[in-house]
Every structure is written in C-alpha cells, then in structure tokens.
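Engineer: Below: one structure in structure tokens.
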Amino acid sequence: MTNIYDLKLSELEQFFLENDEKKFRAQQVFDWIYKKKVHTFDEMSNLSKNVIDLLNNNFEIKVLEKVVETRSVDGTMKFLYGLPDGNLIETVLMSHDYGYSICVTSQVGCNMGCRFCASGILKKKRNLSAGEIMSQIIESERAFGKRISYVVVMGIGEPFDNYDNLMTFLENANSSKGLEIGARHITVSTCGIVPKIKEYADEQLQINLAISLHAPNNEIRNQLMPINKAYPIEQVIDAIRYYMTKTNRRITIEYILIDELNDQKEHALELVKLLKGLNVYVNLIPYNEVIEAPFKRSKRENQEIFYDTLKKNGMNATLRKEQGHDINAACGQLRSQNL
Ligand code: SAH
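Straight run, no breaks: the sequence shown in the numbering used here ends on number 353.
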C-alpha cells in the first residue's frame with residue numbers, strides 16, 4: 015500500500031477529488047501527518063468515518079523501525095533504521111548551538127563508487143521513496159523529542175540519482191503545509207551529476223546546493239571519483255555557472271583533505287584559480303579514514319596551510335568542525351546494511 019508520506023499535497027488533493035471528497039481534506043491530512051505527526055488515520059478527529067476509511071483502504075502511515083541508536087561523546091546521534099523490505103539505513107542527528115540538524119540518507123547503498131567513501135561499498139540496492147527520506151526526520155524528531163530545524167541530504171546515496179523522489183521530499187519538507195523547514199535550512203549535496211545540477215537550477219529553488227569537488231584538477235579527481243570520467247571538472251564548473259545565472263545563489267564546494275593527495279599548498283592555489291569569479295563557499299573536510307580505502311587524513315598543519323591559502327586569496331572557506339567521529343557517523347562513514 016502507498017505510504018502517505020510519498021505524496022505531494024497536490025496528489026492527495028487529486029485523490030480526494032477522484033473519490034468525491036473535498037480537496038481541502040488533503041490539507042487536513044497533511045496537518046495531522048506533518049504537524050501533529052500521528053501514527054494512525056483513526057486519530058484524525060476532524061475527519062469523518064468515511065474519509066478515515068478511504069485513507070485506511072488506500073494508504074498507510076509508514077514509519078521506519080528504529081533498530082539501533084548510538085550516541086557520540088559530542089551529543090551526535092546515529093540511528094539505524096529498518097525499512098519494510100529488511101534493508102537498513104543510517105541517519106545522523108547533530109546538535110549545534112543554533113539548533114538541531116539531521117543528515118538523511120537518500121538511497122540504500124550508492125553507485126557512484128567514490129574511492130574514499132564507505133557508503134558505496136554496498137552498491138545501490140534501491141532508491142528511497144520520498145516518504146522514506148521524510149520518515150527519517152519524523153521518526154528522529156519523535157525518538158528525540160526535539161524539533162529539527164536543519165536538514166542536509168548528505169547521508170548514504172547520491173540524491174541526484176534519485177531525483178524525482180528527492181524533489182517530492184524537498185517540497186514536503188519545505189512547504190508551509192508540510193514540515194515547514196526553511197529552504198535556506200536545507201542543503202542537497204551531489205557528487206556532480208552535471209545534467210541534474212542544471213535541471214535542479216531550472217527549478218529555481220531557494221534550497222542550498224553543495225557539490226563534492228574534492229580536487230582542483232581532473233587528474234586527481236579521476237583517482238577519487240569515477241563520476242569525473244562522465245562529467246569532468248570543466249563541465250562541473252560550467253554547471254555551477256549555469257546554476258548561478260539561474261538562481262543567483264551561492265554554492266557550497268565540499269573538499270575533503272587527504273594526506274598529500276590533494277592537500278598541498280599548490281593544490282589550494284590551483285583550486286583558487288579554478289573557482290575564481292564564482293560565488294562559492296569552500297567547506298574543507300578533513301578526510302575520515304575508512305578501513306577499505308587507502309587514503310590518510312591530512313595532517314593538521316597542512317589543513318591549516320590549505321585553509322589559510324584559500325583565505326589569503328580571497329576565497330570564502332571554512333575548515334569543518336567534525337561531529338560523531340567516535341560512532342562512525344562522520345562524513346563518509348555511513349553504510350547501508352542488510353539484515
Ligand atoms: N552523494 C552526495 C551526498 C553524500 S554527502 C555527494 O557526493 O555529495 C557526503 C559528503 O561526505 C560528500 O561530500 C562526500 O564526498 C564526503 N565524504 C565521503 N567520504 C568521506 C570521508 N571518508 N571523509 C570525509 N568526507 C567524506
């Protein structure tokens with residue numbers, strides 16, 4: 015049966031119209047599932063028995079089953095969630111002085127094959143539905159008892175390889191009729207699927223976009239990310255330009271710092287040259303070592319030289335403060351699992 019969280023408001027309105035019910039019932043149902051977060055249709059006390067029966071006969075309020083919850087010394091929490099088909103995914107909840115943010119998974123496994131990342135070790139088994147992405151937020155809020163106000167689609171998977179479901183999820187997360195999380199509080203991250211970046215630009219959303227670049231040239235990027243063979247750096251830069259003309263918004267560039275491979279001063283200077291004139295913000299992430307990968311984390315001193323070089327050359331940059339390292343919840347450490 016269809017998960018009610020998989021539907022856009024317009025689709026649920028259509029459903030009610032087709033069933034000779036008033037369109038505004040959809041809005042009432044959305045209130046119950048996104049604002050009050052009820053578990054059953056029977057609790058929807060402002061709906062008639064007929065409408066509740068209609069809902070029960072056609073939909074379910076599917077939620078995820080929380081299998082394990084792990085808490086880091088820094089307060090970060092990692093949830094292992096079970097999907098109805100037995101697959102397991104991970105979601106990370108982080109606490110900041112400005113509120114709570116959640117890192118959601120978009121696919122079971124990942125096909126992008128980035129050599130440094132644990133998430134792709136299990137090839138993509140399937141896409142998550144819009145509702146399965148959403149349920150990670152709903153369930154985590156329930157489990158945790160706090161309002162989550164920031165969302166990053168940076169868990170397992172490549173969101174632009176699951177584009178339509180991602181778009182439905184984003185609409186429901188951002189809409190005032192849905193979870194109502196501000197567009198600027200939501201970030202989608204992609205490894206650089208160029209046609210999808212352009213399609214996303216055409217949507218002209220206010221939602222943030224981040225691109226995992228990780229290298230200042232094709233030679234290095236080819237060693238790290240197979241996607242670079244299909245869409246080399248020049249095409250990514252071209253897509254960034256396109257996005258900027260369409261949206262007038264700044265893009266975040268993610269750059270993991272790996273010992274010697276991409277963390278030298280010359281690499282920083284090359285990156286400055288590559289990104290010159292673009293409205294970007296560089297987020298430097300010290301590499302988190304993954305057992306299966308041959309890379310080492312950049313030395314602290316080199317991280318700082320890299321950062322300083324960017325700053326001295328006028329780039330906006332931050333050296334990311336990390337969370338959840340001790341529970342394998344940091345960037346690139348999430349894995350899909352199978353029961
Ligand atoms: N597929 C999307 C979403 C994943 S986001 C993307 O590639 O952007 C996760 C971020 O963590 C990406 O920037 C990814 O490249 C980065 N990452 C992956 N493995 C990592 C690791 N071991 N250490 C630090 N960052 C890593």
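Don't be surprised by glycine CBs; every beta carbon is placed ideally from N, CA and C.
Given V208, which residues of its chain have a CB within under 6 Å of its CB, disregarding the five upstream and five downstream residues?
Structural biologist: Y245, Q249 and A253
Engineer: Could you please give me the residues that DSSP links to C117 through a beta bridge?
Structural biologist: According to DSSP, C117 bridges with V106 and V166.
Engineer: Could you tell me whether the region 114–121 touches the region 162–179, using the rule of 3 or more Cβ pairs below 8 Å?
Structural biologist: yes
Engineer: Should the region 56–63 be called in touch with the region 291–311, which here means at least 3 C-beta pairs below 8 Å?
Structural biologist: no
Engineer: Write down every uninterrupted run of the alpha helix (DSSP H) in the region 18–58 whose length is 4 residues or greater and which is fully enclosed by it, in chain order.
Structural biologist: Restricting attention to alpha helix (DSSP H) runs no shorter than 4 residues, the region 18–58 encloses them at 23–32 and 38–44, ordered along the chain.
Engineer: In whole angstroms, give me the CA-to-CA distance for H228 and L271.
Structural biologist: 8 Å
Engineer: Take Y256 and list the residues in its own chain whose beta-carbon comes closer than 6 Å to its own, dropping the five residues that flank it on each side.
Structural biologist: Correct list, in chain order: K212 and A215.
Engineer: Is N316 closer than 8 Å to I277 when the C-beta atoms are compared?
Structural biologist: The sequence given here has Asp at residue 277, not Ile. Cβ distance < 8 Å, so D277 and N316 count as in contact.
Engineer: Excluding the 5 residues preceding and the 5 following A187 in the sequence, name in chain order all residues of the same chain whose CB lies nearer than 8 Å to its CB.
Structural biologist: M148, I151, V165, L193, I195 and I200
Engineer: Select from E153, K76, K22 and L31 the residue whose C-alpha is nearest the C-alpha of V82.
Structural biologist: E153
Engineer: Name the DSSP bridge partner or partners of P311?
Structural biologist: As written in the sequence, residue 311 is Arg, which differs from the Pro given in the question. Note: R311 sits in a beta bridge opposite I272.
Engineer: With a threshold of 7 Å on Cβ separation, who are the neighbours of R156 within its own chain once the five nearest residues in sequence on each side are excluded?
Structural biologist: K51
Engineer: Take H110 as the anchor and find which of F320, Q347 and R161 has the nearest alpha-carbon.
Structural biologist: R161
Engineer: As a quick exercise: from E146, T90 and H53, pick the residue whose alpha carbon is nearest that of N179.
Structural biologist: E146
Engineer: Assuming N236 is part of the beta strand (DSSP E), what are its boundary residues?
Structural biologist: In this chain, N236 is not harboured by any beta strand (DSSP E); it is covered by the alpha helix (DSSP H) spanning N232 to L238.
Engineer: Give me the Cα-Cα distance between I241 and T204, rounded to the nearest whole angstrom.
Structural biologist: 11 Å
Engineer: Under 8 Å: do the region 325–333 and the region 62–76 share three or more Cβ pairs, one atom per stretch?
Structural biologist: no
Engineer: So V87 is in the beta strand (DSSP E); what residue range does that whole segment cover?
Structural biologist: Taken as a continuous stretch (DSSP letters only), V87 belongs to no beta strand (DSSP E), as it is neither H nor E.
Engineer: Measuring straight from C-alpha to C-alpha, what distance separates I234 and M258?
Structural biologist: So the two alpha carbons sit approximately 25 Å from each other.
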